[in-house]
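Chains as they are written, first to last, in the numbering used here: chain U, -13 to 304; chain V, 48 to 740.
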């Protein structure tokens, strides 16, 4: 039986043993984003590339110049630039859901999963995941909606206080609480996803039920592990932005790209770490017991015992 | 198992705990319990009981006191003397007061009627102010939904003219601007006996205010109150007529100089700040305090009270004498008190050096209640800043607001222009001096923001607010005639600042500085017009600038000069082609041409700098009249770039990107921005996938 640290260790071991998944997902993440930014890039090229004024964006970041660029009619509407980001986020989410079964299969295997097996797992679990994601979306959406509603209400109530910081503190406390609760739900549905794939469970509701049972049964271990990873990812993001801001020269596009992408790879890996934790937990606690055939016990054949006389003591006869 | 169920209840318990905490704190928003009995104010004494000594003696006049100024004689032509005794009910947010207004008729003609502003009546659903704010926007209030707490009113209980009797029944609401019969922000009274030129008249007014939850920098929020535009105020006789406009969503104020003696009675737990200097303080038996303030050579009076202000005081030695600086800070902002003081001192220093002396003995800087829509307002010797618990030093919002509002002590406070009709002369000129002062203190490109690798300068910020609304309204438009609030803001503040910065480029920085100094010294304590200001600049510079003023101040012309096209190719290009494209780089003669284009309808001479790859740079002058022009060169050098306005003297060009053209394009800036956007998109994608799958 693994404790929380054991889960974390085994989870990170799975991620480390299957680094290619991180690489693929990162490449997908980056490629989709590059497509999403195409409209922005084209519009910016036309305005910036031949103007000396753009130096104020390269050698620093003059917010007023950036604002002027966004406000130019030639740049088009900001929604035309914003919407691709939302489409890309949606696409990445769909792609993640599509390929996750293969990832879980790979994490649970003690050998390098072939590409064929990876995609086989993805295809076999496609509709199960669709159903699972609908249920998780509804449950998590409702819970998040309620929690954010409560948060908004409490912050508004706190705003009546003469303490200026109270609404801020209440907002932060509620946000922390929302992260905890959503992490609990995330771990529950991660267990359900793992169970669907690794148990080859066609009845998704059973996996969801198992996810809830185990998720709450091991709430400290699982949620604790998930929160530790969430905190690590958040710290990495803060540290990455700090390095980007403090150590990368303003005009170094390559430096900014490298630091930014390293940060994003680590945060992406953090989520896979959580999934590794879920697989490790499943292997510990949720795997169906293997029933082995009981071998009949047959009596051993009687063997005659022969007692030989002891050798005579004294000088050896030579 | 029990433990697990307990864990399940953890979120519920947490929410309940946070709710209780919130409710506990929210309960503290009410005034301290001991204040409650005294908060219900008795009926105000009859107006007739309050008599000025002068009035009682029958020798009515305006005092020539110099208690609140560092001067041995009055600095303004004092037209009014307000004596007000007011009691504030902190529970009901009401003011009951008696006002004695002594008015000196310096108009040169007999006056048979007097209009008064009743500004608090603006905060009513059918009033012009609310109607306009809902229709065309407002700085603080959108009125998506009307709430009763937003209601304000100013009711005259009795109105007596000394020697002419009670004229309460003669009061008539008038609507000189829009004819809105539901607007009660101006009341007019006809006197049975006209007031002769040079004579004095005394009005005795009892009034009752219901303050709204802060609207337009006036009213209450939680246990805080800002008493701005709270008493009946007489209009200004200006250019042969009364000037007393209704209160509009975009307008500010206009009033005559004079003397203010105000007695404020408030609960004794309140910390109070006000215009002028405090000259009396009495603690009453009913747990109230009466504070007396005196102001000389000012044209309005504002005050604030909150039980939670923390006070920092210090003295600034001005050119005319010591000034008591008083900072009323929110407890959560106490660590920002030094920033408030530093920027106040540095701003005072610049204004005194550049424009003229600050003559008052006091300056109160209020850090108002958060979320109260009270930040960033000016009253004589009394300003409000705008801060928050989160105020990193690189974000210069505190400095920007305090500087701006202090600047109004000059451009509004002393040079008392008509804010209803010439808003650009207070807000705009003040925005220009804000650029000058903040640039000198915080740096030209970082005077607004210098945080986390991001920068912003005041001059570009002002221009930025203008270029989006550049062709909508003229600077000279009446403040209430702008198409909407955005246009009012962009033109009044942003365009004026940009127009005056551009003017520096035309007449020279030193000349402009001299003109501003001359204007201030000549027109302080008066009500100058647009032409007074513009003519001062022309006189000081010795230039006829009508061509500029007609377009920039009185017109809506938009400036947009740009590089239309550039070209640079070998003169003997056909020979190079015959040689198979091989060129003798050193001796190749290039024909280079630069076309300039006037895209806008604003005509102004411009300079262009053309650079070549041998290091040569050529400057050309274009009168800018035709739609386009071109400059051509034949040199043993290839053209590198062309830049209009290379010294960056023009600040009203709508498009700065097309002011230059570099032959060899560089995508570095685009790549940098795209990289930001890629990062944000990836991160957003990961967040969605983190919680979603």
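For every residue, glycine included, the Cβ atom is placed at its ideal position computed from N, Cα and C. For clarity, every value in this text was computed on a predicted model and none was experimentally measured.
For residue i, the three-state DSSP class (helix, strand or coil)
| i | result |
| --- | --- |
| residue 610/V | strand |
| residue 564/V | helix |
| residue 255/U | helix |
| residue 706/V | helix |
| residue 290/V | strand |
| residue 31/U | helix |
| residue 153/V | coil |
| residue 160/V | strand |
| residue 200/V | strand |
| residue 85/U | helix |
| residue 357/V | strand |
| residue 638/V | strand |
| residue 37/U | coil |
| residue 192/V | coil |
Closer than 9 Å to chain U by CB, residue i
| i | result |
| --- | --- |
| residue 548/V | no |
| residue 424/V | no |
| residue 383/V | no |
| residue 532/V | no |
| residue 704/V | yes |
| residue 649/V | no |
| residue 507/V | yes |
| residue 595/V | no |
| residue 724/V | yes |
9 Å Cβ cut-off: residues of chain U touching residue i
| i | result |
| --- | --- |
| residue 708/V | 36, 37, 38 |
| residue 515/V | 57 |
Residue i to residue j span [Cα, whole Å]
| i | j | result |
| --- | --- | --- |
| residue 505/V | residue 131/V | 40 Å |
| residue 409/V | residue 183/V | 37 Å |
| residue 247/U | residue 725/V | 10 Å |
| residue 617/V | residue 560/V | 48 Å |
| residue 423/V | residue 268/U | 60 Å |
| residue 233/V | residue 294/V | 8 Å |
| residue 315/V | residue 330/V | 7 Å |
| residue 686/V | residue 658/V | 6 Å |
| residue 680/V | residue 565/V | 46 Å |
| residue 438/V | residue 200/U | 46 Å |
| residue 157/V | residue 283/V | 14 Å |
Check whether residue i and residue j have beta carbons under 9 Å apart
| i | j | result |
| --- | --- | --- |
| residue 615/V | residue 595/V | no |
| residue 230/U | residue 218/U | no |
| residue 387/V | residue 313/V | no |
| residue 251/V | residue 166/V | no |
| residue 126/V | residue 348/V | no |
| residue 211/U | residue 263/U | yes |
| residue 147/V | residue 276/V | no |
| residue 323/U | residue 81/U | Because chain U spans -13 through 304 in this model, residue 323/U falls outside it and cannot be assessed. |
Partners in chain V for residue i, counting only beta-carbon separations shorter than 8 Å
| i | result |
| --- | --- |
| residue 43/U | 716, 719, 720 |
| residue 87/U | Those within 8 Å of residue 87/U in chain V number zero; the least Cβ separation is about 11 Å. |
| residue 4/U | What residue 4/U touches in chain V: nothing, since even the nearest Cβ is about 17 Å away. |
Closer than 9 Å to chain V by CB, residue i
| i | result |
| --- | --- |
| residue 123/U | yes |
| residue 264/U | no |
| residue 254/U | yes |
| residue 220/U | no |
| residue -8/U | no |
| residue 200/U | no |
| residue 194/U | no |
| residue 211/U | no |
| residue -1/U | no |
| residue 184/U | no |
Chain-ordered chain U contacts of residue i [CB-CB under 7 Å]
| i | result |
| --- | --- |
| residue 501/V | 47, 49 |
| residue 511/V | 50, 53, 54 |
Residue i CB to nearest heavy atom of the ligand PLP below 8 Å
| i | result |
| --- | --- |
| residue 200/U | The ligand PLP is not part of this structure, which contains no ligands at all. |
Amino acids of chain V, ordered along the chain, whose beta-carbon sits closer than 7 Å to that of residue i
| i | result |
| --- | --- |
| residue 208/U | Ordered by position in chain V, no residue passes the 7 Å Cβ test against residue 208/U, which lies about 12 Å from the chain. |
| residue 94/U | Under the 7 Å cutoff, chain V gives no residues; its nearest Cβ is about 18 Å from residue 94/U. |
Cross-chain neighbours of residue i in chain V, by beta carbon under 9 Å
| i | result |
| --- | --- |
| residue 168/U | 738 |
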